[in-house]
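*Asks:* I have a structure here, written as structure tokens, and I will follow up with some questions on it.
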Amino acid sequence: MNGGPLLEVKDLVSGYAGSRVLDGISLTVNAGDAVAILGRNGAGKTTLLETIMGMVSASGGHVRVNGKDVTAKAPNVVSRAGVGIVPQGRRVFAPLTVEENLEIALRKRSGDWSIERVYDLMPRLRERRTNLGSQLSGGEQQMLAIGRALLGSPRLMLLDEPSDGLAPTVVEQVGQIIVDLASSGMAILIVEQDLRLAFAVSEDIAIMRKGEIVHRSSVADFRRDERLAQNLLGVG
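Right under this line is the structure:
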């Protein structure tokens, strides 16, 4: 582990319209570490990220970011506490240019990240700065979504299926960006179906089933146990 806990989730319970999706989740992510959340569809992975971010209200347990309790706080409060989220599907503003998308994210924010620093991390965005969101490839949109989240200067980054719809070579590029962010000391929590990406960017994995974490281990230990992988994920 590279540092102290950035994220502490304890006995977290949440759901939608009376339906309980998370059933007592406990999880920690340390500064500089990347943890991948794996599991079959419907396990509650996206709900976990959205509950941490305050997009789904917790009905039990707590979420602490860098020691600050943000349980059931509004997303803007959680963001100011040092959390950024890259949602599934990117959700960039299609009628706006790359730079305009980033400028919107930068408004009323102050911190270590600037638009130029985002361009330094992802030079392709600098090349495409005047292109509309609708003119970008899927990989470029994913980079823009990451850049937009970085402009909040997060210490913890949540990523939901960053490989979704991307070609393998682009997935590798996105994976390298994630590795670079973790190497800088950022804590990373990633939900991912692409096991190659999850294993490439993460030190640890946590497997969810029916709203609970049923297994956590290092990536190396998990990959050595094919029977466990088959049992928990249906892969071998």
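According to our numbering, the sequence shown is numbered sequentially starting from 2.
Glycine included, each C-beta is placed from N, C-alpha and C at the ideal position.
#1: Hey, would you say A44 sits closer than 7 Å to R210, going by beta carbons?
#2: Please classify P163: is it buried, with 16 or more other beta-carbons within 10 angstroms of its beta-carbon, or exposed?
#3: Tell me whether N31 sits in a helix, a strand or coil according to DSSP, three-state version.
#4: Taking three-plus beta-carbon pairs below 8 Å as touching, is the region 62-74 in contact with the region 104-122?
#5: Which residues in the same chain have their Cβ closer than 8 Å to the Cβ of L229, if we skip the five residues on either side of it in sequence?
#6: Just to confirm the assignment, what range does the alpha helix (DSSP H) spanning R225 have?
#7: I'd like the ranges of any beta strand (DSSP E) spanning at least 3 consecutive residues and lying wholly in the region 145-231.
#8: Measure from the alpha carbon of G166 to the alpha carbon of each residue in S218, G140, G40, E101, then state which is nearest.
#9: So the alpha helix (DSSP H) R127 belongs to, where does it begin and stop?
#10: Taking 7 Å as the CB-CB cut-off, is P163 touching chain C?
#11: Would the beta-carbon of L152 fall within 7 Å of that of L182?
#12: First and last residue of the beta strand (DSSP E) that includes V71?
#13: Is it true that the CB of V192 sits closer than 7 Å to the CB of L103?
#14: Spatial neighbours of V22 within its chain, please: C-beta separation below 7 Å, excluding the five flanking residues on both sides.
#15: Assign I179 to buried or exposed, taking buried as 16 or more other Cβ atoms, counted over all protein chains shown, within 10 Å of its Cβ.
#16: By the three-class DSSP mapping on this structure, what secondary structure does D121 have?
#17: Tell me the DSSP secondary structure of A18 in three-state form.
*Replies:* Let me spell this out:
#1: Cβ atoms of A44 and R210: closer than 7 Å.
#2: P163 comes out buried.
#3: Taken through DSSP and simplified to helix, strand or coil, N31 comes out as strand.
#4: Because the criterion of three Cβ pairs below 8 Å is not met, the region 62-74 and the region 104-122 do not touch.
#5: Within its own chain, the residues whose Cβ lies closer than 8 Å to the Cβ of L229, once the five positions on either side in sequence are excluded, are H216, F223, listed in chain order.
#6: If you look at R225, you'll find it in the alpha helix (DSSP H) that goes 220-225.
#7: Within the region 145-231, the complete beta strand (DSSP E) runs of at least 3 residues are 157-161, 188-192, 205-210, 213-219.
#8: Nearest to G166 by alpha-carbon distance, out of S218, G140, G40, E101, is G140.
#9: Judged by DSSP secondary structure, R127 falls within the alpha helix (DSSP H) whose first and last residues are 124-128.
#10: Among the protein chains of the structure shown there is no chain C, as only one such chain exists.
#11: No, these two residues do not count as a Cβ contact at 7 Å.
#12: Where V71 is concerned, there is no enclosing beta strand (DSSP E), given that its DSSP letter is neither H nor E.
#13: Contact flag unset, no.
#14: The answer, listed in chain order, is S15, G16, G45, T48, G212.
#15: Counting C-beta atoms within 10 angstroms of its own C-beta, I179 has 16 or more neighbours from the protein chains shown and is therefore classed as buried.
#16: In the structure shown, D121 sits in a helix (DSSP, three-state: H, G or I).
#17: Residue state, collapsed to three classes: coil.
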